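Working notes, beginning with the structure itself.
In our numbering, the protein residues as written are 8 to 455.
See below:
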């Protein structure tokens, strides 16, 4: 009998106020339940409208382990559909992106569907006369995802009916997306190019936690970013401006005191960000002409307010991170309990100088690519953690740093920048959405 399935009490017992049981990271059963409950009950990012600018454009992705299509319909509306033919179950589209024209055509038996999912045509349809096909699920076409929201071109979807509305789920946390978009003099982003992808042999939550872990950079990255900084310090004697690459990676070697003072903000439902007062992105060189463009659009006061907000990493629960000042988004896609695919996307600020996009691309290559300077440090640590959690001597993972008894995860709060409060906040949300549509034991007994 399953240890955790349909047992909300067993799920809740995996998370204590300051500890998390190792099964959260290692159990294939818990992973399967995450796919069924957590990712189905939360609003999940599935793409950006700039990826599908024309009628018939589509991208393929997953919500948890559910394959979906995001497509631009003939009336320019955006639809999110399950990527599964209602006939024999074949995936309608296998490419990452493309243009399907006016309809999708199944590669197996040529059933065709409009770009809003409606059934268009069936070959040899006379073979279905008097079979009751009109009463079947198949005749309804490609199944739509229950809930879809396009927020300033960011596309989110939720599979289940359980849970809050989009606005309630994200609340004030949307200010990080707003700030990233508002950095464009035209108030618009365009996702440029394919994402950088690489696999991690670890649980997806390790990567999400690491986005607000500020006690590791100066340790884990000492041999990489630290070495690069020492080389630059020797080169400085020759004179000349600081290279853009050095501006990008040098802050990773900032001391504990810097990260403590940076601050961390947590929001309800598992969202939060580092970089309340300052961040590693705060001291990049000014780009000629950019501020003047922003002033022309927003006025000087508002322009300074937008550009003065230099949040480090914003985590949107359950599994994306955005960097407003550098215009990147990372998606941590769960593959198995011990395997995660990371996709790192770059956005162009429409109307802004090209040098800003150059810095975005450089940051993504230096930090988030398979050829990253610092990324392999994190990868090594994640994989060591995944293997180390097999040790039977200890069953609990500690997230106690700067813990305050009675922390309320239903309110917005600001804490010391090295606090693990955002990790605790994420796990409070994890328990909530994992059990949201599970029946309580008392209710099950009553039904019996």
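By construction, the Cβ of each residue, glycine as well, lies at the ideal position given by its N, Cα and C atoms.
Since the structure is predicted, the reported quantities are computational estimates derived from the model, not experimental observations.
Assigned exposure category for residue i - 16 Cβ within 10 Å defines buried
{"i": "residue 11", "result": "buried"}
{"i": "residue 99", "result": "buried"}
{"i": "residue 432", "result": "buried"}
{"i": "residue 170", "result": "buried"}
{"i": "residue 427", "result": "buried"}
{"i": "residue 9", "result": "exposed"}
{"i": "residue 118", "result": "buried"}
{"i": "residue 83", "result": "exposed"}
{"i": "residue 109", "result": "exposed"}
{"i": "residue 53", "result": "buried"}
{"i": "residue 132", "result": "exposed"}
{"i": "residue 341", "result": "buried"}
{"i": "residue 455", "result": "Because the pLDDT at residue 455 is just 45, under 50, the model does not fix this residue reliably, and the point stays unresolved."}
{"i": "residue 206", "result": "exposed"}
{"i": "residue 16", "result": "exposed"}
{"i": "residue 422", "result": "buried"}
{"i": "residue 248", "result": "exposed"}
{"i": "residue 398", "result": "exposed"}
Span separating the alpha-carbon of residue i from that of residue j
{"i": "residue 125", "j": "residue 45", "result": "28 Å"}
{"i": "residue 274", "j": "residue 407", "result": "19 Å"}
{"i": "residue 180", "j": "residue 244", "result": "44 Å"}
{"i": "residue 51", "j": "residue 165", "result": "6 Å"}
{"i": "residue 176", "j": "residue 49", "result": "8 Å"}
{"i": "residue 190", "j": "residue 298", "result": "10 Å"}
{"i": "residue 162", "j": "residue 58", "result": "10 Å"}
{"i": "residue 354", "j": "residue 202", "result": "10 Å"}
{"i": "residue 332", "j": "residue 319", "result": "8 Å"}
{"i": "residue 92", "j": "residue 148", "result": "8 Å"}
{"i": "residue 160", "j": "residue 294", "result": "26 Å"}
{"i": "residue 286", "j": "residue 269", "result": "6 Å"}
{"i": "residue 85", "j": "residue 444", "result": "28 Å"}
{"i": "residue 453", "j": "residue 174", "result": "Note that residue 453 has pLDDT 45, beneath the 50 cutoff, so the model's placement of it is unreliable and no number is given."}
{"i": "residue 261", "j": "residue 226", "result": "10 Å"}
{"i": "residue 101", "j": "residue 391", "result": "34 Å"}
{"i": "residue 382", "j": "residue 339", "result": "14 Å"}
{"i": "residue 324", "j": "residue 347", "result": "16 Å"}
{"i": "residue 40", "j": "residue 167", "result": "14 Å"}
{"i": "residue 200", "j": "residue 25", "result": "41 Å"}
{"i": "residue 182", "j": "residue 237", "result": "37 Å"}
{"i": "residue 404", "j": "residue 410", "result": "14 Å"}
{"i": "residue 67", "j": "residue 158", "result": "19 Å"}
Where the alpha helix (DSSP H) through residue i begins and ends
{"i": "residue 232", "result": "232-242"}
{"i": "residue 250", "result": "First-last for residue 250: undefined, no H or E at that position."}
{"i": "residue 274", "result": "Element bounds for residue 274: n/a, residue is neither H nor E."}
{"i": "residue 395", "result": "382-395"}
{"i": "residue 431", "result": "428-442"}
{"i": "residue 12", "result": "Taken as a continuous stretch (DSSP letters only), residue 12 belongs to no alpha helix (DSSP H), as it is neither H nor E."}
{"i": "residue 40", "result": "35-40"}
{"i": "residue 53", "result": "Premise fails: residue 53 lies in the beta strand (DSSP E), 51-55, not in any alpha helix (DSSP H)."}
{"i": "residue 291", "result": "Per DSSP, residue 291 belongs to no alpha helix (DSSP H) and is neither H nor E."}
Same chain only: Cβ atoms within 6 Å of residue i, ignoring 5 sequence neighbours per side
{"i": "residue 461", "result": "What the structure shows of the chain is the stretch from 8 to 455, and residue 461 is not part of that stretch, so it cannot be assessed."}
{"i": "residue 72", "result": "42"}
{"i": "residue 289", "result": "317"}
{"i": "residue 22", "result": "434, 438"}
{"i": "residue 151", "result": "88, 124"}
{"i": "residue 204", "result": "350"}
{"i": "residue 234", "result": "none"}
{"i": "residue 337", "result": "328, 351"}
{"i": "residue 13", "result": "445"}
{"i": "residue 436", "result": "276, 277, 324"}
Same chain only: Cβ atoms within 8 Å of residue i, ignoring 5 sequence neighbours per side
{"i": "residue 344", "result": "32, 33, 34, 35, 37, 38, 210"}
{"i": "residue 393", "result": "32, 33, 208, 209, 210, 213, 345"}
{"i": "residue 302", "result": "310"}
{"i": "residue 61", "result": "79, 106"}
{"i": "residue 322", "result": "215, 218, 219, 277, 278, 279, 280, 328, 429, 433"}
{"i": "residue 367", "result": "333, 334, 335, 353, 354, 355"}
{"i": "residue 307", "result": "none"}
{"i": "residue 232", "result": "224, 256, 257, 259, 260, 380, 381"}
Residue i: first and last residue of the uninterrupted beta strand (DSSP E) it sits in
{"i": "residue 74", "result": "73-79"}
{"i": "residue 284", "result": "It is not in any beta strand (DSSP E) - residue 284 carries neither H nor E in the DSSP assignment."}
{"i": "residue 88", "result": "85-89"}
Same chain only: Cβ atoms within 7 Å of residue i, ignoring 5 sequence neighbours per side
{"i": "residue 127", "result": "110, 119, 120, 121"}
{"i": "residue 20", "result": "none"}
{"i": "residue 112", "result": "119"}
{"i": "residue 305", "result": "313"}
{"i": "residue 371", "result": "203, 335, 351, 353"}
Chain C contact for residue i (CB, 9 Å cutoff)
{"i": "residue 386", "result": "Absent from the structure: chain C. Only one protein chain is present."}
Heavy atom of the ligand GTP within 8 Å of residue i beta-carbon
{"i": "residue 443", "result": "In the structure shown, the ligand GTP is absent, as is every other ligand, since no ligand is present at all."}
| field | alpha helix (DSSP H) segments (min. 4 residues) lying fully within the region 177-240 | value | Fully contained in the region 177-240 are the following alpha helix (DSSP H) runs of length 4 or more, in chain order: 182-189, 211-217, 224-227.
| query | Which ranges does the beta strand (DSSP E) cover as unbroken runs of at least 3 residues, wholly within the region 307-363, from first to last along the chain? | reply | DSSP runs (the beta strand (DSSP E)) wholly in the region 307-363: 321-323, 327-330, 335-343, 346-356.
| field | Every unbroken beta strand (DSSP E) inside the region 95-153 [3 residues or more] | value | Runs of the beta strand (DSSP E) inside the region 95-153: 104-106, 110-112, 119-121, 126-128.
| query | In chain order, which continuous runs of the alpha helix (DSSP H) of length 4 or greater are located wholly inside the region 154-179? | reply | With a minimum length of 4 residues, the continuous alpha helix (DSSP H) runs that stay inside the region 154-179 are 173-177.
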